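Worksheet: one structure, shown below.
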Amino acid sequence: MAITSSRGVILIHSAPRALCPHLEWAVGRALGRAVNFDWAEQPVLTGSRRAEFYWEGPVGSGAALASAIRGWEHLRFEVSEDPTPRSDGGRWMHTPGLGIHFAQTDAAGNVVIGEDRVRYAMEVAAGDAFELQRELDVALGSAWDEELEPFRHAGDDQQIVWLHKVG
Numbered sequence: 146m147a148i149t150s151s152r153g154v155i156l157i158h159s160a161p162r163a164l165c166p167h168l169e170w171a172v173g174r175a176l177g178r179a180v181n182f183d184w185a186e187q188p189v190l191t192g193s194r195r196a197e198f199y200w201e202g203p204v205g206s207g208a209a210l211a212s213a214i215r216g217w218e219h220l221r222f223e224v225s226e227d228p229t230p231r232s233d234g235g236r237w238m239h240t241p242g243l244g245i246h247f248a249q250t251d252a253a254g255n256v257v258i259g260e261d262r263v264r265y266a267m268e269v270a271a272g273d274a275f276e277l278q279r280e281l282d283v284a285l286g287s288a289w290d291e292e293l294e295p296f297r298h299a300g301d302d303q304q305i306v307w308l309h310k311v312g
């Protein structure tokens, strides 16, 4: 049986400058070949760098990549793996405060919540709409998205305007 190939992207949203070569080494080791990232300054967090790297490899490489780079302090990243005709896609998000989150994705990149997880959320909520929303937010990785959103837009080469809620 032939090994099915997949592809995806690694978004390093913020990494200390000293960690950058180690991340390239870890990703290269997971992919089985040397890689070089095009590093740029991360304007949201002074002294940190950001990079975007498109990868191709066997199905399951997304999990291998996320495992290879998780665990370093002060690192924010996302790894995505596109679905194939034989496999689901996936998305791994990591922040220093929240750790790692995995979600299955469909062909359009939407997070897919499985039946068992939905049933669990309904059971835990026990008819409380706010608790159901909280459980579904956990399943969707909403806290990770909220924390990573400013770092995502920092790569758009646009000036960042910070709005602060008053009161």
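Residue numbering for the sequence shown follows our numbering, beginning at 146 and increasing consecutively.
For each residue, glycine too, the CB sits at the ideal point set by N, CA and C.
Computed from a predicted structure; not experimentally measured.
Tell me the residue span of the alpha helix (DSSP H) that contains residue i.
i	result
Gly207	Ser206 to Ile214
Ala171	Cys165 to Leu176
Would residue i and residue j qualify as a contact pair, given that the criterion is a beta-carbon distance under 8 angstroms?
i	j	result
Ser212	Gly153	no
Leu285	Ala248	yes
Arg178	Gln187	no
Ala266	Glu280	yes
His314	Arg215	The chain is shown only over 146 to 312; residue 314 falls outside these bounds and no answer can be derived.
Arg221	Ser159	yes
Thr149	Arg264	no
Val180	Glu197	no
Glu223	Pro241	no
Thr250	Ser151	no
Phe296	Val189	yes
Pro161	Ser193	yes
What residue range does the beta strand (DSSP E) around residue i cover?
i	result
Ala179	No beta strand (DSSP E) contains Ala179, which DSSP labels as neither H nor E.
Leu190	Element bounds for Leu190: n/a, residue is neither H nor E.
Arg152	Ser150 to Pro161
**OP:** Examine the Cβ distances between the stretch 291-298 and the stretch 266-277 and report whether three or more of them are shorter than 8 angstroms.
**Re:** no
**OP:** Pick out the complete alpha helix (DSSP H) segments inside the stretch 215-302, 4 residues or longer, and give them in chain order.
**Re:** 260-270, 274-285 and 287-298
Original post:
So does the stretch 247-266 actually touch the stretch 197-206, counting three or more Cβ pairs closer than 8 angstroms?
Top reply: no
Subject >> Cβ contact (3+ pairs, closer than 8 angstroms) linking the stretch 204-212 and the stretch 227-241 >> reply: yes
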